[in-house]
Amino acid sequence: MSAEDLEKYETEMELQLYREYRDVLGLFSYVVETERRFYLTNSVDLQVRSADNGEMFFEVTMQDAWVWDMYRPARFVKNVRVVTFKDVNIEELAKSDFALPPDHKPLEP
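Its first residue numbered 1, the sequence shown is counted upward by one per residue in my numbering.
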């Protein structure tokens with residue numbers, strides 16, 4: 001496989017992932033972003049914890065989540081637990097964010 005073929009494959013996979021994201025976005029209420037992954041979920045719990053050495057870390061649990069990862073064969077996950085010392089961003093989606101403009105045309109395959 002040439003470098004050009006690999007680049008084309010990855011571009012197609014990213015486009016397919018974006019289309020799936022666009023299709024499932026309306027099913028979820030929250031966007032959760034960690035340093036390694038991006039999730040959509042309806043149930044998220046964030047707990048701030050303290051390690052034995054005094055450092056703070058975050059424990060994030062989610063149920064019935066969708067994960068942005070083009071290398072995963074199944075992106076729907078029943079339970080997710082993330083433990084991280086890095087930032088965690090949780091945003092509640094407004095239902096108006098899902099509305100497409102009246103002149104919206106779907107992307108061509």
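Glycine included, each C-beta is placed from N, C-alpha and C at the ideal position. None of these values were measured; they are calculated from a predicted model.
Residue burial is scored here from C-beta neighbours: F76 has fewer than 16 other C-beta atoms within 10 angstroms and is therefore classed as exposed. Pairing A94 with Y18, the inter-Cα distance amounts to about 19 Å. Counting along the chain, T11 sits inside the alpha helix (DSSP H) bounded by residues A3 to V24. Under a 10 Å Cβ-count criterion, M1 is classified as exposed, with fewer than 16 other Cβ atoms of the shown protein chains found around its own Cβ.
Of all C-beta pairs linking the region 23-38 to the region 5-15, fewer than three are shorter than 8 Å, placing the two stretches out of contact.
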